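> Encoded as structure tokens, here's the structure I'll be asking about.
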DNA sequence: CCGACTTTGTGCATGCGTTCACAAGCGGTA
DNA sequence: TACCGCTTGTGAACGCATGCACAAAGTCGG
């Protein structure tokens, strides 16, 4: 499939055979955590930390130390027993496994409030996810630059996506438009979709979809509120202490 | 703990003892899916559908029919064998289990691009999650109404949250401010936090945190791109067909 | 009233992910 | 070189979630 898009492999570092078998076997849940480890490690590297133990890293990432070691073992044995891990080495190996050695061009569809936020979000370009295309149907928006990129009309999606080698499509449209947009992205050869619309997308097997559903997140929180309130009422009716955990309350807040 | 906040239970429907034991036993994964079922069912109800079978509902929700029935069985037996489920009945029971019979007041901290998007997002108020407070540090923003609500200063967070009975705090600040904001929310008695900042928050045990991490989502997609590209290269180098799944490509796109 | 058909609810087996516990391996030290 | 302490890497046990397959329970037609 990559071969369809001209010189797709220019910047890709091919995986070694041993890595390929490993990559196939990495549990989905572990992949998500590896991304978290990567961020923590990058932060450490920026602060000049060169070595780290599984215990330290696991605490910073908010997970069990044993789980962290198992997760890292999925990508190989790059630690030194009795010492720990070299931060730089770990960073580069996780980046390689996650496919971050290649840039992944991102297209955002639906330039409303959320689309604006995504287009302006600084976190993507710096980490290998440059936003290269924006789409909408509103005539007033077409051609207007948002975050430095002019908005294209949704009807040009196939041509633009192919031209700019878009590999990830982000759907930030209202729910009724989501499936249609999804179909167009798939037609344009996009195989990875991040969906913010509260809709269950139907896609072919060869397309990977990830969903971010704010309402669902809220409702899960709501469930826990209800469960706790109920437990509290039935257990003793007493007031549960609410105080903080001793962490300092000092910081400033800066607008994104 | 609810008893601490005056007349907290005014609109709450207390759970029956049988439901309480059930609620305790519902797997986390099932809770997330129940929220999805609820949305699908609500959409059906709006279109006048009154009854639905597990097969239909599961397809619309994108899950296995058996799994759907098991999920529903966690909240009770409200179907009719040989017929299916009554949409209204199912909606009301899921809402009750998820704690949606009570309104959950939401506070958004960090009124940048994302904060604006959240404050204006129409999906919350309609479904029992009214945004009642906004916070930032930027003097130019304080007092300015966003989505109909004036922005308060972060220093007033405790008073405002208590006054408006905020039960869910949303963190949409830059990473460096997230932990500090989190601590303040916790001090203000907020026990549920939805975190958009790419930071691992440290909280006491009695606080529930859910994380939405765009960079992590992107990197998971990147992993799958890399894995597939690699498989394709090593399997045969051939081009995988990309065509759509026969779904119509007809819709319009409207800006949120 | 009865029998055939449909669909739910669930016991059970399977597979995946997490956790434990410990052997293997490395650096430091005498 | 031989020993000691520390940390990694992983085999194995455990627990949770998923999917299957079927009994239970209801409707509908005659």
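Residue numbers (the working numbering), protein chains in the order written: chain A, -16 to 239; chain B, -16 to 239.
Positions of the beta carbon are idealized from the N, C-alpha and C atoms, including for glycine.
This structure is a prediction, so every number in the text was calculated from the model and none was measured.
Is residue 205(B) near residue 55(A), with beta carbons less than 8 Å apart?
no
> Check the Cβ-Cβ distances between residue 96(A) and every residue of chain B, and say whether any is below 8 Å.
For residue 96(A), at least one C-beta of chain B is nearer than 8 Å to its own C-beta.
> By the three-class DSSP mapping on this structure, what secondary structure does residue 145(A) have?
helix
> Might you give, ordered along the chain, the residues of its own chain that have their beta carbon closer than 6 Å to the beta carbon of residue 133(B), omitting 5 neighbours on each side?
126
> How is the beta strand (DSSP E) around residue 68(B) delimited, first residue to last?
Per DSSP, residue 68(B) is one residue of the beta strand (DSSP E) stretching across 67 to 69.
> Please list the residues of the region 36 to 57 of chain A that have a C-beta atom closer than 8 Å to any C-beta atom in chain B, keeping them in chain order.
43, 44, 45
> What residue from 164(A), 129(A), 85(A) has the CA that sits closest to residue 141(A)'s CA?
With respect to the C-alpha of residue 141(A), the residue from 164(A), 129(A), 85(A) having the closest C-alpha is 164(A).
> Can you list, in chain order, the residues of its chain whose CB lies under 6 Å from that of residue 77(A), leaving out five sequence neighbours each side?
17, 21
> Reducing DSSP to helix, strand and coil, say where residue 164(B) ends up.
helix
> Which residue spans inside the region 78 to 146 of chain B form an unbroken alpha helix (DSSP H) run of at least 4?
96 to 103, 140 to 146
> Does DSSP put residue 193(B) in a helix, in a strand, or in coil?
strand
> Is residue 36(B) helix, strand or coil by DSSP?
Coil, per DSSP.
> Would residue 37(B) and residue 51(B) qualify as a contact pair, given that the criterion is a beta-carbon distance under 8 Å?
yes
> Can you find at least 3 beta carbon pairs, one from the region 147 to 155 of chain A and one from the region 167 to 177 of chain A, that sit closer than 8 Å?
With a cut-off of 8 Å on Cβ pairs, the region 147 to 155 of chain A is in contact with the region 167 to 177 of chain A, counting three or more such pairs.
> Let's test the definition: count the other Cβ atoms within 10 Å of the Cβ of residue 222(B) and tell me whether it reaches 16, buried, or not, exposed.
Low per-residue confidence applies at residue 222(B): pLDDT is 38, beneath 50, and the placement is therefore not dependable enough to give any value.
> My guess is that residue 113(B) and residue 88(B) are in contact by the Cβ rule of under 8 Å, so how many angstroms apart are they, rounded?
6 Å
> Just confirm the distance between the C-beta atoms of residue 161(B) and residue 180(B), as a whole number of angstroms; I'd bet it's less than 8 Å.
So it is a contact: roughly 4 Å between Cβ atoms.
> Pull out every residue of the region 188 to 207 of chain A whose Cβ sits closer than 8 Å to any Cβ of chain B, in chain order.
Listed in sequence order: 189, 191, 193, 195, 196, 197, 198, 199, 200, 201, 202, 203, 204, 205, 206, 207.
> Tell me where the alpha helix (DSSP H) around residue 21(B) begins and ends.
11 to 29
> With burial defined as no fewer than 16 other Cβ atoms inside 10 Å of the residue's Cβ, what is the status of residue 30(A): buried or exposed?
By the neighbour-count rule (16 or more Cβ atoms within 10 Å), residue 30(A) is not buried but exposed.
> For residue 231(B), which residues from the same chain have a beta carbon less than 7 Å from its beta carbon, with the 5 sequence-adjacent residues on both sides left out?
Legend: pLDDT at residue 231(B) = 32, less than 50; position of this residue unreliable, no value from coordinates given.
> By the three-class DSSP mapping on this structure, what secondary structure does residue 177(A) have?
strand
> Between 8(B), 203(B), 13(B), which has its C-alpha nearest residue 49(B)'s C-alpha?
13(B)
> Assuming residue 8(B) and residue 61(B) form a contact by the criterion Cβ under 8 Å, report the distance between their Cβ atoms to the nearest whole angstrom.
In fact, because the Cβ distance is near 17 Å, the residues do not count as touching under 8 Å.
> Would you say residue 183(A) reaches chain B, if we count a Cβ-Cβ gap shorter than 8 Å as a contact?
Contacts with chain B at 8 Å (Cβ-Cβ) include residue 183(A).
> Beta-carbon of residue 22(A) versus every beta-carbon of chain B: anything under 8 Å?
It does: the Cβ of residue 22(A) has a partner Cβ on chain B nearer than 8 Å.
> Going by C-alpha to C-alpha distance, which of 178(B), 185(B), 71(B), 66(B) sits closest to residue 27(B)?
71(B)
> Report the residues of the region 142 to 169 of chain A with a CB closer than 8 Å to any CB of chain B, ordered along the chain.
150, 151, 155, 156, 157, 159, 160, 162, 163, 164, 166, 167, 169
> Exposed or buried, what is residue 65(B) when buried is set at 16 or more other beta-carbons lying within 10 Å of its beta-carbon?
exposed
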